Every structure is written in C-alpha cells, then in structure tokens.
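Chains as they are written, first to last, in UniProt numbering: chain W, 1 to 304; chain A, 1 to 304.
Don't be surprised by glycine CBs; every beta carbon is placed ideally from N, CA and C.
Since the structure is predicted, the reported quantities are computational estimates derived from the model, not experimental observations.
To keep things clear, I will list the structure first and then write my remarks on it.
Protein chains: 2
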Amino acid sequence: MTRVIGIDAGGTKIQGLVLDLEKNILFQSLSGHGNPTVSFEEALTNLSSVIQQCLDHTSSEEVSHIVIGMAGAESGNLAHRIKTELQRMTSLPIILLNDATLAYFSLIGNQNGVMTIAGTGSICYGRNGKQEGTTGGWGHLLGDEGSAYHIAIEACKQISMEMDSGKPHSPLSRDILNEIGASDGKGLKGFIYSSAKGEIAKLAKVVHKHAEDGNDAAILLLKIAGEQLARQTISLLEKLQIGTKPVIALKGSVLEHNVVVQSVFKERISERFPNVSYIVDSTSPATGAVDVTKAIREGRLSNE
Amino acid sequence: MTRVIGIDAGGTKIQGLVLDLEKNILFQSLSGHGNPTVSFEEALTNLSSVIQQCLDHTSSEEVSHIVIGMAGAESGNLAHRIKTELQRMTSLPIILLNDATLAYFSLIGNQNGVMTIAGTGSICYGRNGKQEGTTGGWGHLLGDEGSAYHIAIEACKQISMEMDSGKPHSPLSRDILNEIGASDGKGLKGFIYSSAKGEIAKLAKVVHKHAEDGNDAAILLLKIAGEQLARQTISLLEKLQIGTKPVIALKGSVLEHNVVVQSVFKERISERFPNVSYIVDSTSPATGAVDVTKAIREGRLSNE
C-alpha cells in the first residue's frame with residue numbers, strides 16, 4: 001500500500017501515472033481519448049491499454065488502487081460497464097470518478113474548497129467533508145458564463161449588433177471577422193452554425209490579444225467573464241457552507257492564463273472572502289489519485 | 001395579366017394559390033415541405049406538383065407570373081437551380097424570393113414599413129422603396145431575442161440559477177421541469193442538449209400560461225421579449241430611414257397571440273414613433289404574390 005495508479009481519461013487523451021504516496025511520478029503511459037460517451041469501445045480499449053502498461057511496469061508492484069477520473073463517468077450506467085470490463089484485467093480495487101473530482105483532489109487534495117474551471121466551457125466543483133457540489137457547468141445553451149466559448153459568442157453578438165444598427169465595425173469585430181474569413185452577417189452565421197463549440201471558443205484568443213493591446217471593449221468582455229466566474233464560485237462556497245478561509249483552485253486556459261479574468265475573479269472573491277488562498281498550477285489531474293485513496297480510507301469519499 | 005400564382009414554400013408545407021388582382025383566392029393546392037436546404041429533390045418534387053396543379057386549374061388561364069417565397073432561397077445557388085428546373089414546366093416568368101419578402105408583401109403590400117416575426121426564432125424585415133433590410137434573425141446561438149426559443153431558454157436559465165444557489169424552485173420552474181419530465185440539473189441538461197430547437201421553443205407556452213395566471217416572473221420574461229422585439233424593430237426603421245408614420249406588421253405566434261409581448265412591443269414603439277399603424281392578420285404569405293408583381297412592374301423590386 002505505497003503506490004497508486006492514477007488515470008485521467010479525457011476527451012482527447014488518457015494519461016496514466018504510477019505514483020508513490022508523495023505524488024512522485026514513477027511511470028507514465030499515454031493513449032487516445034477516454035470518453036465513453038464519444039465511443040464506448042474505443043474508450044475501453046484505450047483505457048485497458050494504459051492500465052496494462054502501468055501494471056506491467058516494475059514500479060507498480062506495490063500498487064494498492066487504480067483511480068480513474070473520466071469525462072462522462074456519470075452518464076447512465078457507463079461507469080458500471082467500464083468498471084466491470086476493467087475488473088477482468090486486475091484484482092486491484094478500481095475507483096471510477098468524474099474527471100472534475102479527480103482534478104479537484106490533484107489540486108486541493110483532502111482540504112475543503114472549490115475548483116473553478118474555465119476552458120472551452122466552465123464549471124465550479126467543490127467539497128466540504130463528505131459533501132460535494134457544483135455550480136455552472138450548464139453547457140453552451142444554458143450558460144457556461146466565463147468560458148472561452150461564452151467570451152467568443154459575446155464578441156460575435158457585438159458584431160451582429162453593429163450590423164443591426166448599421167454602425168461601422170469596431171477593431172475587435174473586424175479582427176474576429178478576419179479570423180473566420182467572413183465579411184457580412186451571412187458569413188458570421190455560416191461560421192457559428194457550422195463550427196464545433198471548440199472552434200468558436202478559439203475566437204476568445206482574439207479578444208485576449210485585443211485586451212493586451214489595451215482595447216476597452218475586449219477588456220470589458222474579459223472583466224465580465226471574471227465577474228461571472230467569481231459569482232459562480234461564491235455561490236458554491238456559500239452552498240457548501242465553506243467557512244471564511246476557503247481554498248480556491250483555478251483551472252483551464254481562461255482562468256490560468258488570462259490576467260484580466262484572473263485579477264477581476266480574485267478581486268470579487270476577496271470582497272466576500274478576504275482570507276482566501278488560491279492554487280494555480282498545472283499539476284496533472286491523475287496525481288489526484290493519491291489523495292483520493294486517502295479520502296476513501298478515511299471515509300470522506302465513497303467508492304461507488 | 002389579371003391573375004397570379006403565389007406560392008409559399010415553407011419548412012413544413014407548400015401552399016400554392018391562384019389569385020386575382022384583388023387577392024381573391026380562386027384555387028388552392030397544398031403539398032409537403034419546400035425547403036431546398038432540407039432536401040433539394042423533395043422540395044423540387046413538391047414545388048413542381050403544386051405548380052402543376054395550379055397551372056392545370058381552369059382559373060389559371062390568365063396567369064401572368066408565378067411568385068414563389070421560399071425558406072432558404074438565399075443559400076448558395078439553390079435558387080438558380082430551382083428556377084432552372086421549374087422553368088422547364090412553363091414559359092410563364094417565375095419570380096423566386098426569400099419567404100420573408102413574400103410574407104412582407106402579403107401584409108404590407110407596396111407600402112414602406114417593417115414586418116417583425118417572432119415565432120420559434122425572430123427577425124425583422126423591412127422595405128423603403130427599392131431598399132430592403134433586416135435586423136435580428138441571428139439564430140439561437142447569437143440571439144433570436146424575443147422568440148419562443150429565447151423565452152424558453154431564459155426560463156430554463158432561471159431553473160439552473162435556482163439550482164446553483166440552492167434555492168427552492170419557483171412555481172414556473174416546477175411546471176417547466178414537470179413538462180420535460182426532469183427532476184434535477186442532469187434531467188434539464190438532458191432535455192436541452194437532446195431536443196430540437198422547436199421542442200425547446202414549445203416551453204414558452206408554459207411561460208405564457210403562468211403569465212395569464214398573473215405570475216410576475218413569467219410576465220417579466222414576456223415583457224423583456226416585447227422590449228427586445230421593439231428594439232430590433234426601431235433599429236430597422238431607423239436604418240431604413242422610414243419616416244414618422246411607419247407601418248409595422250406583426251407575425252408569428254409570440255407577437256400575434258401573446259398579449260403581454262404585443263402590448264409592451266407597441267408601447268415601446270409608440271414612444272419613438274407615435275403615429276405608427278399596425279397590421280396583425282393571418283393572411284397567407286402566398287397572397288403577397290399580387291403586390292410582388294406590381295412592385296416588379298413599377299421597378300421597386302428586381303426580378304433576380
């Protein structure tokens with residue numbers, strides 16, 4: 001009981017790590033996507049291959065648990081099916097969690113707190129003892145405020161408002177139209193309704209660049225994103241009744257790398273919680289496996 | 001030159017009418033959908049059959065033009081392909097327009113004005129002499145404010161906010177969750193991300209019902225829709241520089257049948273344009289064919 005296999009199974013790749021209890025990485029295995037809602041068979045094949053490679057490595061002799069954080073783990077009975085299949089490979093206990101839970105443990109470990117993610121989408125996930133909760137994460141039609149997708153769509157809405165009013169395009173709008181190769185409303189709609197969510201979200205980079213150059217309209221869009229993410233985070237801290245010195249982890253491209261979003265986010269939070277401590281690091285979610293096994297041993301997380 | 005064939009080719013059905021110049025309906029033919037972006041071959045077959053039935057009828061002897069208003073007519077070279085195919089059936093001139101243009105002529109005829117449509121989506125289309133313009137119509141990701149879809153999504157966002165804050169659901173939220181058979185956030189997201197836009201838009205009926213019962217939250221959602229539609233309409237009147245006595249036609253379930261939306265819409269418009277005249281009637285768009293031929297003859301509309 002001195003080592004753990006931690007697996008982060010995401011929509012684009014799977015990372016498997018053999019870890020000691022100080023979270024040192026003894027071995028790594030990588031593979032294609034591990035999201036069973038995208039393709040169950042592929043996800044299972046990729047997962048099995050990563051687990052087998054970890055198990056085959058000499059460092060894995062003392063492994064006590066396999067901990068998997070998986071996007072889509074909560075959809076229907078997929079988790080149960082995946083676990084049953086994988087359990088044929090090994091008699092080690094397999095703990096299958098949502099990807100957000102594993103990421104939380106990698107950043108915040110066994111403390112209480114909230115992790116706010118703002119990448120293509122946005123969500124807050126938090127824990128207080130045995131209790132867990134989320135705010136946001138409603139997807140692009142119902143919200144995902146503060147996410148790259150949301151920032152990009154708000155910038156595109158400004159273009160449509162300029163067209164409706166017959167006003168000339170702002171420099172930000174012109175650059176976005178250039179980026180997507182559109183010259184009119186038809187071109188803008190063509191791009192929005194034929195592109196994947198991730199493609200649209202990439203337009204947030206144009207907003208980011210204009211903000212760095214001091215463009216007020218771009219800075220305002222990012223400030224609003226920071227406010228929205230702070231509001232979601234405060235809601236979750238209050239819902240989970242996490243006291244006056246909370247730990248907040250920041251994750252995802254928008255929150256980790258965007259100075260305007262991050263500073264407005266922290267300002268708003270500190271108005272409500274002056275003694276907050278922040279965690280911003282790019283630790284692999286798979287390293288959360290170590291604290292997950294501790295939490296299960298101590299009864300703060302159930303192995304179901 | 002005393003009769004016209006008018007055809008309204010929509011996403012669910014095609015209506016073909018033989019009309020005299022007083023817009024009396026002499027013959028009617030109906031068929032399945034006529035949207036070439038859904039299925040080009042089907043749309044063409046349905047259109048050909050409706051035109052043939054109209055041409056075969058005794059009342060069509062004096063027909064001078066065939067006027068078709070078609071959803072999707074502006075997509076790529078579809079209009080040209082459709083027209084070429086149909087022209088094999090008849091030597092009569094065929095005028096192919098966007099469906100909104102034909103609907104405009106059926107309601108407003110050869111006057112200048114604006115037609116505001118709020119059904120599943122929303123758009124304003126207007127004309128001033130030879131000049132035409134639109135506002136709104138940006139689709140569900142970029143806007144469609146004031147539409148049934150937008151009202152429904154705003155109501156669903158209130159549910160998600162209640163869930164995020166841990167507050168109990170309002171009576172409106174409870175009824176919407178009942179309507180879609182959901183009991184939690186997962187159920188709500190499941191419905192939104194697996195349903196067609198039209199299915200989501202139908203939830204606006206629940207808002208409508210609660211507003212009739214005096215529910216403040218429902219009334220507020222509808223008032224906002226009325227404001228948004230008025231704003232789009234005023235923008236278009238200003239963009240087209242239509243004077244102080246404009247004609248405004250109201251079309252679509254939300255604007256025609258919802259008392260709250262319609263009254264707020266008219267209030268806001270009259271603050272800006274006190275001498276407006278409104279047209280609300282359910283005349284078939286196909287009857288617009290009569291005024292379309294007049295407009296072409298008088299050079300206010302081009303037959304391209």
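The continuous stretches of beta strand (DSSP E) do not include A73 (chain A), and DSSP gives it neither H nor E. For K83 (chain A), the CB contacts under 6 Å within the same chain, skipping 5 residues up- and downstream, are I94 and L96 in chain order.
Interface annotation, D164 (chain W): in contact with chain A, CB-CB separation under 9 Å. Here L250 (chain A) is not near I219 (chain A), since their CB atoms are 9 Å or more apart.
Under the three-state reduction of DSSP output, L21 (chain W) falls in the coil class, being neither helix nor strand. For the set W:S64, W:A73, W:H150 and W:L30, the Cα lying nearest the Cα of F40 (chain W) is the one of W:A73. DSSP places I242 (chain W) outside any beta strand (DSSP E), giving it a letter other than H or E. If the five residues before and after E85 (chain W) are omitted, its C-beta is found closer than 8 Å to the C-beta atoms of L44 and S48, all from its own chain and listed in chain order. In this structure V18 (chain A) does not touch S64 (chain A) by the C-beta definition: roughly 12 Å separates them, more than the 8 Å allowed.
Near chain A, meaning a CB-to-CB distance below 9 Å, the residues of the segment 132-146 of chain W are G133, T134, T135, G136, G137, W138, G139, H140, L141, L142 and G143. Residues are counted here when their Cβ sits less than 9 Å from a Cβ of chain A; for the segment 193-211 of chain W these are Y193 and I200, given in chain order. A residue is called buried once 16 or more other Cβ atoms fall within 10 Å of its Cβ, and P168 (chain A), having fewer, is exposed.
9 Å or more divides the Cβ of H208 (chain A) from the Cβ of A217 (chain A).
The beta-bridge partner set that DSSP reports for Y149 (chain A) is empty. As a beta-bridge residue in DSSP terms, S277 (chain W) pairs with W:V247.
Counting along the chain, the unbroken alpha helix (DSSP H) around V261 (chain A) starts and ends at V259 to R272.
T283 (chain W) and N98 (chain W) have their C-alpha atoms roughly 17 Å apart. Under the DSSP assignment, D8 (chain A) falls in the beta strand (DSSP E) whose first and last residues are R3 to A9.
Between the segment 179-191 of chain A and the segment 223-234 of chain A there are fewer than three inter-stretch CB-CB distances shorter than 8 Å, so the stretches are not counted as touching. Pairwise C-beta distances place the segment 153-164 of chain A out of contact with the segment 124-137 of chain A, as fewer than three of them are shorter than 8 Å. Look at T84 (chain A) here: in three-state DSSP terms it is helix. Taking 9 Å as the threshold, the shortest C-beta distance from C54 (chain A) to chain W does not fall below it. At a cut-off of 9 Å, the C-beta of K130 (chain A) has no neighbouring C-beta in chain W. For N303 (chain W), same chain residues with a beta-carbon under 8 Å away, outside a window of 5 residues either side, are P93, I95 and I296 in chain order. Residues of chain W whose Cβ lies closer than 9 Å to the Cβ of Q232 (chain A) are, in chain order, D164.
Using beta-carbon distances, K186 (chain A) counts as an interface residue toward chain W, with a partner under 9 Å. When the five nearest sequence neighbours on each side are left out, the beta carbons in the same chain lying within less than 7 Å of the beta carbon of S29 (chain A) are those of G16, V50, Q53 and C54, in order along the chain. Look at L301 (chain W) here: in three-state DSSP terms it is coil, with no helix or strand label. The continuous stretches of beta strand (DSSP E) do not include G190 (chain A), which lies in the alpha helix (DSSP H) extending over residues G185 to S194. Identification of residues in the segment 148-159 of chain W having a C-beta nearer than 8 Å to some C-beta of chain A yields I153, C156 and K157, given in sequence order.
Secondary structure note for N178 (chain A): it is in no beta strand (DSSP E), and the uninterrupted alpha helix (DSSP H) holding it is P171 to I180. From the listed residues W:D175, W:I117, W:T293 and W:H57, the smallest Cα separation to V4 (chain W) is found for W:T293.
In terms of Cβ geometry, A204 (chain W) and V254 (chain W) form a close pair [threshold 9 Å]. The alpha-carbon separation between V38 (chain W) and A103 (chain A) amounts to approximately 43 Å. Below the 9 Å Cβ cutoff, chain A contributes no neighbours of S277 (chain W), its closest Cβ being approximately 23 Å away. Residue pairing by DSSP places N98 (chain W) opposite W:M70 in a beta bridge.
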